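Numbering (the working numbering), first residue to last: -17 to 73.
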């Protein structure tokens, strides 16, 4: 709900910056959002998430939730764990 409120003014470039800031105090709630992670996530899942849009971020977050649930024995509940795995897939 709060992400939609942040998105309401449609400030360009605000998405990735705020998402990355949210990740540090809340790693189990907010995944990081940068080029490497988006590319890795897309390569890993076949998705077409685009950087810089909150609706895309929320879609990626839902996909990462599904990955975390599917591989809970291999990943922590830190949303960055799956995101880092996605980024390393791209690298």
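Even for Gly, the Cβ is constructed at its ideal location relative to N, Cα and C.
Source: prediction; values computed, not measured.
Counting pairs of beta carbons, one from the region 24 to 32 and one from the region -11 to -4, are three or more of them closer than 8 Å?
-> no
Return the chain-ordered list of same chain residues with a C-beta closer than 7 Å to the C-beta of residue 51, the five sequence neighbours on each side being excluded.
-> Indexing the chain shown from 1 puts residue 51 at position 69. Taken in chain order, the list of residues that qualify is empty.
Can you tell me which of the three DSSP states residue 44 falls into?
-> To locate residue 44, count along the chain shown from 1; it is residue 62. It is helical.
Going straight from the alpha carbon of residue -17 to that of residue -10, what length do you get?
-> By 1-based counting over the chain shown, the position of residue -17 is 1. By 1-based counting over the chain shown, the position of residue -10 is 8. Approximately 11 Å, taken between the alpha carbons.
Identify which residue in 8, 5, 14 and 3 has its Cα closest to the Cα of residue 75.
-> Any question about residue 75 goes unanswered here, given that the chain covers just -17 to 73.
In the structure shown, what three-state DSSP assignment does residue 0 receive?
-> As a working note, residue 0 is residue 18 in the chain shown. If DSSP states are grouped into helix, strand and coil, residue 0 belongs with the helices.
Where does residue -11 sit, in a helix, a strand or coil, going by DSSP?
-> In the chain shown, counting from the first residue as 1, residue -11 sits at position 7. In this structure, residue -11 counts as helix in the three-state DSSP scheme.
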